[in-house]
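The letter at position 24 of the sequence shown is residue 24 when you use the UniProt record's numbering, and the numbering goes up by one with no holes.
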Amino acid sequence: MTDKTEFTQIFPLGEPNDAYAQYFTGQSFLAPLASGSVPVSNVSFEPGCRNNWHIHHGTAGGGDQILICTAGSGWYQEDGEPPVSMEPGTVIRVPAGTKHWHGAKTDSWFSHVAFITPGEGVSNEWLEPVTDAVYGALPKTGENA
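1) Please identify the residue among F7, A21, N52 whose C-alpha is closest to the C-alpha of P129.
2) Reducing DSSP to helix, strand and coil, say where Q77 ends up.
3) So, for G119: in the same chain, excluding its five sequence neighbours on each side, which residues have a beta-carbon less than 7 Å away from its beta-carbon?
4) On a CA-only basis, which of D132, E78, D79, K105 is nearest residue 146? Give me that one, please.
5) Starting from G89, trace the beta strand (DSSP E) in both directions and tell me its first and last residue.
6) Return the CA-CA distance between P88 and G26, expressed in angstroms with no decimal places.
7) Rounded C-beta distance between V94 and Q65? I'm assuming under 8 Å.
8) Expressed to the nearest angstrom, what Euclidean distance is found between the alpha-carbon atoms of N124 and P39?
9) Nearer than 7 Å: is that true of the beta carbon of E46 relative to any heavy atom of the ligand PLP?
10) What residues in its chain sit with their C-beta under 7 Å from that of G14, if we drop five residues either side in the sequence?
11) Out of curiosity, what's the CA-to-CA distance linking V134 and G80?
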């Protein structure tokens, strides 16, 4: 397992994501990259870390989430759909109103740049954790979903 001092990525690791720790299983890190009308952050996950199921809400074209994998290997999954393996260069558009989660694979660090498209009524609804049973059934690094 790689520790954070050996995890190479193009953006800063950031600080422990303590403000949102209650919505993660494992340790995540947050590095704000840009502020303003479209805040952009680099989010890093230690091996096995994932966020809870959640939904981004929005109207008037806002509330879509964009995830761009920049380092490591992770998962993205929409409710009721198979998991999608994320490797550097993978881009995922999460339409507003879509229940989903994302995080690192069990044996890899994972980083993605994330932002939400601006619009009216943009908010985030945190839901239940991804259970160990669901997460443990995912393929390991190098296996297909």
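Ideal placement from N, C-alpha and C gives every residue a C-beta, glycine not left out.
To lay it out plainly:
1) Here residue 129 refers to the residue found at position 129 of the sequence shown. Considering only alpha carbons, the answer is N52.
2) Here residue 77 refers to the residue found at position 77 when the sequence shown is read from its first residue. Note: Q77 maps to strand in three-state DSSP.
3) Counted from its first residue, the sequence shown places residue 119 at position 119. Taken in chain order, the residues that qualify are G58, T59, A60, G61, G62, G63.
4) A query on residue 146 cannot be resolved here, the shown segment of the chain reaching from 1 to 145 and no further.
5) Within the sequence shown, the letter at position 89 stands for residue 89. First-last for G89: undefined, no H or E at that position.
6) Counting from one through the sequence shown, the residue named residue 88 turns up at place 88. Counting from one through the sequence shown, the residue named residue 26 turns up at place 26. Straight-line Cα distance between these residues: approximately 21 Å.
7) Numbered from 1 along the sequence shown, position 94 holds the residue referred to as residue 94. Numbered from 1 along the sequence shown, position 65 holds the residue referred to as residue 65. Going by Cβ atoms, the distance from V94 to Q65 rounds to 4 Å, so yes, they are a contact pair.
8) Start at 1 with the first residue of the sequence shown, and residue 124 comes out as number 124. Start at 1 with the first residue of the sequence shown, and residue 39 comes out as number 39. If you take the alpha carbons of N124 and P39, they lie about 14 Å apart.
9) Annotation note on the ligand PLP: not contained in the displayed structure, which lists no ligands.
10) The count along the sequence shown starts at 1 and reaches residue 14 at position 14. Spatial neighbours of G14 in its own chain (CB-CB distance under 7 Å, excluding positions within 5 residues in sequence) are listed in chain order as F29, L30, A31, N42, S44.
11) Within the sequence shown, residue 134 is the residue found at index 134, counting from 1. Within the sequence shown, residue 80 is the residue found at index 80, counting from 1. The straight-line gap separating the alpha-carbon atoms of V134 and G80 is approximately 12 Å.
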